[in-house]
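Heads up: the sequence shown begins at -18 in the numbering used here, then just goes up one per residue. Beta carbons are placed, not taken as given, at the ideal position from N, Cα and C, and that holds for glycine. Computed from a predicted model, the values in this text were never measured in an experiment.
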Amino acid sequence: MSVPVYLTDRAFQDVDGACDWWARHRSAEQAWRWREACVKAIDSLPGLAATCPVVSERDELGIELRQLAFGLGRRPSHRVVFEIRPDIILVMRVQHLAQRELSIDDF
């Protein structure tokens, strides 16, 4: 049985904000392609979550979050930050790799 994946409200806001950015600064088509890449990454988590690396902010956050990098081209541009819980995978944030490291206030 596959583990369900849920997104926090903040993760949904991150995805919507990134799509808005892509549409304003690139094109509606690229925004759509980025959203599809993001959904594909999130959908892959049930099979990949345990193999994804732990975020570098783990010690500061006090919880073990993992990340899955994704992007439109060959190079990843964003990461899905998530927590593996006993019965679910919870996506906490979706952020650009160039953004500052997360703090506890970001959740």
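Under 8 Å by Cβ, that's how I've got residue i and residue j pegged, so tell me the actual separation to the nearest angstrom.
| i | j | result |
| --- | --- | --- |
| R16 | M73 | Rounded, the Cβ-Cβ distance is 18 Å, inconsistent with contact. |
| I85 | L42 | 6 Å |
| P34 | Q48 | 6 Å |
In angstroms with no decimal places, state the Cα-to-Cα distance between residue i and residue j.
| i | j | result |
| --- | --- | --- |
| E10 | A4 | 8 Å |
| E64 | L46 | 5 Å |
| L78 | V(-4) | 14 Å |
| S(-17) | R60 | 22 Å |
| V13 | A50 | Checking the sequence shown, residue 13 turns out to be Trp, not Val. Near 18 Å, if we compare the C-alpha coordinates of A50 and W13. |
| C0 | F(-7) | 11 Å |
| A30 | P(-15) | 12 Å |
| C19 | L83 | 19 Å |
| G54 | I44 | 31 Å |
| H95 | R81 | Residue 95 lies beyond the stretch modelled for the chain, which goes from -18 to 88, so this question has no answer here. |
| T105 | G(-2) | In this structure the chain extends from -18 to 88, so residue 105 is not present and cannot be described. |
Relative to the C-alpha of residue i, which candidate in the options has its C-alpha closest?
| i | options | result |
| --- | --- | --- |
| G52 | Q76, G(-2), I85, V(-14) | Q76 |
| F88 | P57, E38, R55 | E38 |
Apart from the five residues just before and just after residue i, which ones in its own chain have a Cβ nearer than 7 Å to its Cβ?
| i | result |
| --- | --- |
| V71 | According to the sequence as given, residue 71 is Leu; it is not Val. Hits under 7 Å: Y(-13), T(-11), F63, E64. |
| A22 | L49, F51, V61 |
| P57 | A50, F51, L78 |
Based on the DSSP output, what are the partners of residue i in its beta bridges?
| i | result |
| --- | --- |
| I85 | According to DSSP, I85 bridges with nothing at all. |
| R74 | V62 |
| A50 | R60 |
Got a sec? Which residues, its chain only, sit under 6 Å from residue i by beta carbon, not counting five neighbours each side?
| i | result |
| --- | --- |
| L26 | V(-14), I70 |
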